[in-house]
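Residue numbers (the working numbering): 1 to 1115.
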């Protein structure tokens, strides 16, 4: 007698099963099962993965779910019921049932839904938690019989079964189930109620349930529970030896269940064309209109290319797709929504360009259509669109309204229990302290795809820590078992699916955001089903562009068309050549700045190349690229015929498209064949490489190239196939970078306002950008309740600080402040509290406004304003109690106001600390300012200057604002620091050897004089600290001095007079010594000649006496 598991939960019953789908099916195969069911709670997340895995192993997949069903129309309580798809109709009904449970009726399925979607479904009671079982255990046999017959009437005879679970050892219930079956004629079936794969996985299952409930594992939670593992057929035979008919029933049910899910077909929706015109004809008409719009008189090259692309698109039956994208892009443009110039290979399409889907002329920029759509390899087109992240949802809403709510959905993603998360979760339920669990998790190397098993192989410290604690060993063991299981769902950042038929005919849905459904299947499985997937990406940089250009238009009445700017603009590329790229898309990192400063780009083409090269691998070609550009190294071409292809990149293969054109030019490949070659050789498999070499060389010989030349060029193609970048994408994204650089170069104030506004909520970024603004000479005005707005704004040639950027000042507070001051400016604190509702501006908000300086214009010191808050709030409350009274007191002729509680101002150190707390930076001053002369005298340079001194030793005067101490793999302590001064912030590293010496002075808030070296690490300039002392400990004995050597040839009255003049022009506190080479004598000059030893005076002295003859000794 055989058996089939009909009640099986996978990890997709989130935190209610420890069974991963692939492992579940693999184990079922090992145990010899011919069929297997999947019945997750309410959802079908794993259905396609399960279906494919079963089919791959020759197992019959039974797709089902466990649905909570209301017993009557009162909807008081719902009970689980196992539903299995008997046919494709049943599968489609399960899609709808799951969609209802996950959107319209989350607590349970109403009887009307069950009746509507019963066809093609077999139902089984779930065991102890079922409604019928509950009645039986309560002694209500007659009611249980009535309920059973009711369910049988819904699903039909032979399609409703009573679950018979002997393994749970509930003797009374088992007897009652058999009696019920005998009296009603409803058959029983054996079921397993699987929640994990092997018996030893029970602890992992208990742990998951504790994670879900937020409880800790206790003795109570370790009480006896039935084995819910995937039992073998032999185990089930033993359990059911007296009831073989129950086992046989499971097999009979499985034989009825035959679902064929259609995979691999294409389900492209139709575009509703006007007047019933065919999509092909309508696309042609729209393209010709767009071509004339782009070019007044398009030349023959464009007309031929457009016709070729249209022929390919029509042959592949993608006309509807292009019209759908054209339509929502047209809507976006009509609504004034900025769209990106393009993304990915779609920028290589002239059809996309004339439809205004992209803004990149593919012929002008030498882009290939075949890189986007290959006529020799039919695959779904993939046009990804960038929108401002604040307006992306508007476009999705439009698409939903046009095609219908049941035809458009966003795509689900699953957050999984990754290695570190699994350790932390399991540690918590086992009672491990958060600190200890965090320390353990931090011993897992932070690399993508890192597993707990890999971590044990790579981290001796992890193994040592586990060996010291049996509890942590247990935590680690269970974490391994649950690692990789789904933990929660979220929405894909960009993906949207569109379907001709209602989506619930193809995929289960669930509630999403803003009235747009979410698919229950992940992206890969939607593609398996052939659904059209489009990416609507929200790009912060487009929001920034939209913000800047709208500010300029509003305040300067200048409408900027970025599509028509010059990509050789001198001012723009001067800025880029200086590496002044803060806030510039894809050009902001320290490493990229360094490359730009060396490259000195002169046009868009240089930026495209740098964006393509600045990646691991191709990076090694950057020095050669730069040297060839500036003529320091001659350009070499493997053959003169490649000059036209590689000229723009100075003989270096940078783009995938170059490989395709080389294959076409030299071997006579069509561009479609050339794209297949590019794909093939990038796989680096020897048999493929050898086959393609023969093909390539044969083609070259036909075009009369030598064998040696053919092999040399093929080797070059193989070398760069993996490195080559998609030129279409590089051009489109480089255009965004250049557009931002143009705005920064020509409208720096508006650029800075937009940039700062775009990072409101990110204190670190605001601080970084404010420091840069100050360093570049932009004045920053403090926040003001009368002048500041939600965004940062331009005011009198300066940037006015945003109210929303003040910590503890929310959106509603800003709105109410803005609304209240429209009538007239606030006169004082009392007027402010009287006119702005206290529900949005409470005490905490008032304190933040005062601490930030936003009320300084009331001509009271901040301590007085703070002390007067209670009086102001009481005054506002008193006169707001009666509307008539309030109206009386608002009259200008009658006014009673309390007096300020005058108090001595706060100490400067407190004022600055509160500014830092509310604004993220020291705004009006910096704690180091009082030490600046002393620091300069000792040779300390500002952080902003140090960041340009990569690989050089520097001294800094800094405030240590953050410290993070970690243990290395060898068990030693080291630290990561955040340092700041008046000019900016900088990350610093203190390695173990130095940490042992410096740890006494490394504390948050400490003012330090430090020395070390600047290096680029992980795309940032970091200060490698070697020495440090507290500024308060600096004394005169350690004061620096300037030493000057007067060479024999310089010993003249003229030289000495010049030295004297320079010294007197730069009076300060640094001592000066003169060494006369002729007399071999050193003289200390009197205090009247002490100087302020900044870089200007040192530079002048070195110019006079020589670089090596002037030295500032600091330590």
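In this text, a Cβ means the ideal position worked out from N, Cα and C, and glycines have one as well.
- Comparing alpha-carbon positions, the option among 348, 869, 979 and 1080 lying closest to residue 964 turns out to be 979.
- Of all C-beta pairs linking the region 508–522 to the region 407–414, three or more are shorter than 8 Å, placing the two stretches in contact.
- The three-state reading of DSSP puts residue 476 in helix, counting H, G and I together.
- Taking a contact to require three or more Cβ pairs closer than 8 Å, the region 697–714 and the region 542–554 do not qualify as touching.
- When Cβ pairs closer than 8 Å are counted between the two stretches, the region 989–1005 is seen not to touch the region 948–955, the count staying below three.
- Taking C-beta separations shorter than 7 Å and ignoring five residues to either side along the sequence, the partners of residue 88 in its chain run 259 and 260, following chain order.
- Per the DSSP secondary-structure output, residue 535 pairs in a beta bridge with 384 and 495.
- Following the DSSP letters along the chain, one finds residue 788 in no beta strand (DSSP E), marked with neither H nor E.
- The beta carbon of residue 811 lies closer than 8 Å to those of 790 and 804 in the same chain, with the five residues before and after it left out.
- For residue 957, the enclosing beta strand (DSSP E) begins and ends at 953–967.
- Just so you know, the alpha carbons of residue 989 and residue 997 end up roughly 14 Å apart.
- Here residue 584 has 737, 740 and 741 as same chain residues with Cβ atoms under 6 Å from its own Cβ, once five neighbours each way along the sequence are excluded.
- For residue 928, there is no enclosing alpha helix (DSSP H), as DSSP marks it with neither H nor E.
- Relative to the Cα of residue 799, the nearest Cα in the group 359, 771 and 814 belongs to 771.
- Here residue 60 carries a strand assignment [DSSP, helix/strand/coil].
- Unbroken alpha helix (DSSP H) stretches of 4 residues or longer found wholly inside the region 848–883: 862–867 and 869–880, given in chain order.
- Per DSSP, reduced to three states, the secondary structure at residue 282 is helical.
- Residue 57 and residue 503 have their alpha carbons spaced roughly 29 Å apart.
- Residue pairing from DSSP leaves residue 746 without any beta-bridge partner.
- Taking a cut-off of 8 Å on C-beta distances, the region 82–96 does not touch the region 134–152, as fewer than three cross pairs fall below it.
- Residue 354 holds the alpha-carbon nearest to the alpha-carbon of residue 323 among 297, 354, 338 and 308.
- Note on geometry: alpha-carbon atoms of residue 437 and residue 420 lie some 9 Å from one another.
- Distance check between residue 168 and each of 794, 319 and 227 places 227 closest, using alpha-carbon atoms only.
- Taking the CA atoms as reference points, residue 341 sits about 7 Å from residue 735.
- Across the structure, residue 286 and residue 358 are spaced so that their CA atoms are roughly 15 Å apart.
- For the region 989–1034, the continuous beta strand (DSSP E) assignments of 3+ residues that do not extend past its boundaries occur at 1007–1017 and 1020–1030, in sequence order.
- For residue 195, there is no enclosing alpha helix (DSSP H), as DSSP marks it with neither H nor E.
- By the CB criterion at 8 Å, residue 1006 and residue 955 fall outside the cutoff.
- From the listed residues 210, 404, 1059 and 896, the smallest Cα separation to residue 875 is found for 896.
- With contact defined as three or more Cβ pairs closer than 8 Å, the region 428–437 and the region 448–456 are not in contact.
- Under the rule that a run must span 4 or more residues, the alpha helix (DSSP H) segments found entirely inside the region 524–584 read 540–556 and 570–577.
- Under the three-state reduction of DSSP output, residue 80 falls in the strand class.
- Residue state for residue 375 is assigned as coil, using DSSP reduced to three classes.
- Sorting 497, 393 and 444 by C-alpha distance to the C-alpha of residue 533 places 497 at the top.
- Sequence-distant partners of residue 720 (beyond 5 residues in either direction) whose C-beta falls short of 6 Å from its own C-beta, in its chain, are 653.
- For residue 415, the secondary structure class from DSSP, reduced to helix, strand or coil, is strand.
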